[in-house]
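First residue of the sequence shown? That's -19 in this note's numbering, and the numbers climb one at a time after it.
This report refers to the structure that appears directly beneath it.
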Amino acid sequence: MSTVTRATLAEQIYDQVGLSRHESADILEDILERMVRTLETGDTLKISGFGTFSVRQKGQRTGRNPKTGVEVPILPRSVLVFRPSQLLRAHVNGQAGGENLPEGDDE
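Set out below in structure tokens:
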């Protein structure tokens, strides 16, 4: 298994679309920045055939220090949640009967 990086994705855009490497990297950065801004505002980001990103608010709760047993308040926070589409799950599990990931239905 390997890790796909921004540079890898930009190179793949360059190879497939035929733009310059710089333009490919700029397009990728613009897409990622738009995704971040969407999530920062608390909106849901849905990419059909891939999945849904959303921000969920977790309330304050009481935790416990495992070493000392002392109760500690855990402050409220926002957490990022990703829910993969049925099609993405099928691809990951090797069950996608020839369907292309970007063109599929989400749920």
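The beta-carbon is built from N, C-alpha and C at its ideal position, and this holds for glycine as well.
| task | Hey, could you find the ends of the alpha helix (DSSP H) residue 42 is sitting in? | result | DSSP places residue 42 in no alpha helix (DSSP H) but in the uninterrupted beta strand (DSSP E) bounded by 41 to 44.
| task | Grab the span of the alpha helix (DSSP H) containing residue 0 for me, first residue to last. | result | No alpha helix (DSSP H) holds residue 0; DSSP gives it neither H nor E.
| message | Can you tell me whether residue -10 is buried or exposed? The criterion is at least 16 other CB atoms within 10 Å of its CB, across all chains shown. | response | Burial call: buried.
| message | How far does the beta strand (DSSP E) with residue 59 in it extend, from its first residue to its last? | response | Segment 57 to 64, the beta strand (DSSP E) holding residue 59.
| message | If you follow the beta strand (DSSP E) that residue 32 is in, where does it begin and where does it stop? | response | First-last of the beta strand (DSSP E) with residue 32: 31 to 38.
| query | For residue 67, does the count of other Cβ atoms within 10 angstroms reach 16, so buried, or fall short, so exposed? | reply | Residue 67 counts as buried, since no fewer than 16 other beta carbons sit within 10 angstroms of its beta carbon.
| Can you round the beta-carbon distance between residue 35 and residue 19 to whole angstroms, since I take them to be within the 8 Å contact cut? | At roughly 6 Å, the Cβ-Cβ gap stays under 8 Å, so residue 35 and residue 19 are in contact.
| query | In or out: residue 58 buried (at least 16 other Cβ within 10 Å) or exposed? | reply | Under this definition residue 58 is an exposed residue.
| Residues near residue 4 in its chain [Cβ-Cβ closer than 6 Å; skip 5 each side] | The residues are -10, -7, -6.
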